[in-house]
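Residue numbers (this note's numbering): 4 to 159. Just so it is clear, CB atoms sit at the ideal spot from N, CA and C, and this is done for glycine as well. First comes the structure, then the notes that go with it.
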């Protein structure tokens, strides 16, 4: 095995592991969120809205924040709207631009949602020191920044 083969093997193992961590997180989070009737995507949207100081957020802002397809975002928003957690409506001047805001019911869900996600975090990080978690997060942020600066990255 030459150096190039070895580097490829490390890179492949890293990306496979990173994908596995993401997949395992989604499975674990979805299990913890199931009693609330939410998915990870829906919980991410609610968390984003809880952290915003504005009354409403546009779908374009969420698309940029989550890097998902418009269809995936639209499906999650429609389900949250049907459950009464958000108000999802077209802007007065442009029917394609949607406005999203939390409802009272959505606000009332916040503490239960945070409790469920705290459980996920505890399970995921229980064997990792806080300093390791911070270092790992910083590395992931650098990786994202590198990919966003890559011309081939497209929509990032």
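Restricting attention to 35, 14 and 57, the CA atom closest to the CA of residue 122 is found in 35. Of the residues assessed, residue 25 falls on the exposed side of the cut-off, its CB having fewer than 16 other CB atoms within 10 angstroms. For residue 131, the secondary structure class from DSSP, reduced to helix, strand or coil, is coil. By the criterion of a C-beta distance shorter than 8 Å, residue 115 is surrounded in its chain by 39, once the five residues flanking it on both sides are discounted. Distance between residue 77 and residue 101, taken at the CA atoms: about 10 Å. Looking from the CA of residue 136, the closest CA among 146, 147 and 124 belongs to 124. For residue 51, the secondary structure class from DSSP, reduced to helix, strand or coil, is helix.
In this structure, the straight-line span from the alpha carbon of residue 49 to that of residue 79 is close to 10 Å. The Cβ-Cβ distance between residue 106 and residue 89 falls below 8 Å.
DSSP, read as helix, strand or coil, puts residue 101 in strand.
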